[in-house]
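I have placed the structure first, in the form of structure tokens, so that the comments after it can refer back to it.
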């Protein structure tokens, strides 16, 4: 080798010649260790390390039928809620020796379907967080490639979901204890499974308390969705509002501040998710906290289990939720927010 010239990357042939074995034996030592004598495999691995050889991922995939890569698709990569999911999934994937590929579906079912179809041949399975696809499409996709769902339940598909039944009761109990006789729920995307569960739970808990629950929307689950939602709340003269998620709730509070409406003095605001920053806004947001990192890790574990054993009827994993009470909720005042505004 000429001085200063970059060292040539070692090949499987180099390892085979140095170890005194066939190239196929080297391949099996990495991809199918059970088919190689233990002493031979240890010798091959030692030689490979000495030469600086690492297997080609594409070649390993052709040999084993696996890529050791998983796909994680989220509806909105800019939403801090999904940061926890990504962090937990990445941690679990690394622990399992797997690579994680991230995709943003942009709250669009068609985009999600395209990503699943295009990435399918390149990954060993998918984690779909808050999927917007219909149940039938999810089941068809699961027949072709292992899938685990987060914040979505589809019969026959592994899923990790939050305990919204208990969580929504916590929210309504809290508002009732503050003297609120009703509230407005600001709905998110129509395709959102978690949004439907949240509304169903809130409505049932309100009925148990003799409270009036009204649904407005749908609204974009972003800060930009806040102004229109807040204006609708003011027109309704509601004393409390529960938003689809924290991003929408924070957008609502910003608009209420612009219109001179005091939170929580005139309107109490509650969110879902307890995202990073929910305690930084002014006032700090009361919200239902979910175990997002745990959900991401559990979804990866579900995929790994599917890779090792065919599970005909995977059970749903339900993770606890907890209401985090902060400064955005308070006792009811007599005057309506619209008259004060």
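Residue numbers (the working numbering): 151 to 491.
Where is the CB? At the ideal position from N, CA and C, for every residue including glycine.
Need the endpoints of the alpha helix (DSSP H) that residue i sits in, please.
i: residue 466; result: Counting along the chain, residue 466 falls outside any alpha helix (DSSP H), and DSSP gives it neither H nor E.
i: residue 321; result: 314–327
i: residue 227; result: No alpha helix (DSSP H) holds residue 227; DSSP gives it neither H nor E.
i: residue 180; result: 173–181
i: residue 217; result: Unbroken run through residue 217: none, as it is neither H nor E.
i: residue 423; result: No alpha helix (DSSP H) contains residue 423, which is instead part of the beta strand (DSSP E) from 418–423.
i: residue 190; result: 188–201
i: residue 288; result: 285–294
i: residue 122; result: Outside the shown range of the chain (151 to 491) lies residue 122, about which nothing can therefore be said.
i: residue 342; result: No alpha helix (DSSP H) contains residue 342, which DSSP labels as neither H nor E.
Determine, using beta carbons only, whether residue i and residue j come nearer to each other than 7 angstroms.
i: residue 439; j: residue 474; result: yes
i: residue 390; j: residue 434; result: no
i: residue 313; j: residue 351; result: no
i: residue 453; j: residue 298; result: yes
i: residue 317; j: residue 295; result: no
i: residue 393; j: residue 336; result: yes
i: residue 311; j: residue 332; result: no
i: residue 437; j: residue 421; result: yes
i: residue 444; j: residue 425; result: no
i: residue 334; j: residue 388; result: yes
i: residue 419; j: residue 399; result: yes
i: residue 262; j: residue 339; result: no
i: residue 341; j: residue 282; result: yes
i: residue 186; j: residue 178; result: yes
i: residue 94; j: residue 162; result: Residue 94 falls outside the range modelled here, since the chain spans only 151 to 491, and no answer is possible.
i: residue 330; j: residue 482; result: yes
i: residue 291; j: residue 266; result: yes
Using DSSP bridges, identify the partner residues of residue i.
i: residue 166; result: BP columns for residue 166 are empty, so no partner.
i: residue 298; result: 277, 308
i: residue 336; result: 366, 393
Locate the beta strand (DSSP E) running through residue i, then write down its first and last residues.
i: residue 440; result: 436–440
i: residue 303; result: Segment: none, residue 303 is in no beta strand (DSSP E) and carries neither H nor E.
i: residue 471; result: 471–474
Quick check on this structure: which residue in the options has the alpha carbon closest to the alpha carbon of residue i?
i: residue 190; options: 173, 205, 299, 327; result: 173
i: residue 381; options: 401, 397, 371; result: 401
i: residue 344; options: 443, 304, 404, 251; result: 304
i: residue 289; options: 273, 276, 306; result: 306
i: residue 430; options: 451, 404, 267, 273; result: 404
i: residue 221; options: 274, 185, 164; result: 274
i: residue 223; options: 184, 264, 194, 241; result: 264
i: residue 225; options: 425, 292, 255, 183; result: 255
i: residue 217; options: 371, 179, 250; result: 250
i: residue 159; options: 451, 184, 200; result: 200
i: residue 277; options: 329, 319, 378, 239; result: 239
i: residue 408; options: 428, 386, 432; result: 432
i: residue 300; options: 456, 450, 483, 480; result: 450
i: residue 364; options: 356, 466, 371; result: 356
i: residue 428; options: 231, 411, 237, 284; result: 231
i: residue 320; options: 483, 470, 203, 179; result: 470
i: residue 229; options: 371, 346, 481, 457; result: 371
i: residue 480; options: 182, 328, 410; result: 328
i: residue 455; options: 308, 377, 353; result: 308
i: residue 195; options: 234, 169, 285; result: 169
i: residue 236; options: 410, 280, 376; result: 280
i: residue 167; options: 379, 203, 234; result: 203
i: residue 348; options: 286, 406, 423; result: 423
i: residue 366; options: 379, 252, 346; result: 379
i: residue 526; options: 227, 376, 472, 248; result: There is simply no residue 526 to check, as the chain begins at 151 and stops at 491 in what is shown.
i: residue 181; options: 369, 411, 205, 472; result: 205
i: residue 272; options: 260, 287, 285, 252; result: 252
i: residue 245; options: 373, 268, 285, 219; result: 219
i: residue 442; options: 376, 234, 284, 385; result: 234
Is the CB of residue i under 7 angstroms away from at least one CB in chain B?
i: residue 435; result: Among the chains in the structure shown there is no chain B, since it carries only a single protein chain.
Compute the minimum distance between the beta carbon of residue i and the heavy atoms of the ligand FAD, and state whether it is under 6 angstroms.
i: residue 159; result: Only the bare structure without any ligand can be found here, which leaves the ligand FAD out of the picture.
Quick check for students: name the residue ranges of the beta strand (DSSP E) that lie wholly in the region 364–399, counting only runs of 3 or more. For secondary structure counted as the beta strand (DSSP E) over 3 or more consecutive residues, the region 364–399 holds these complete runs in sequence order: 390–393.
Let me know the beta strand (DSSP E) ranges lying completely inside the region 228–273, each 3 residues or longer, listed in chain order. For the region 228–273, whole beta strand (DSSP E) runs of length 3 or above, ordered along the chain, are 249–254.
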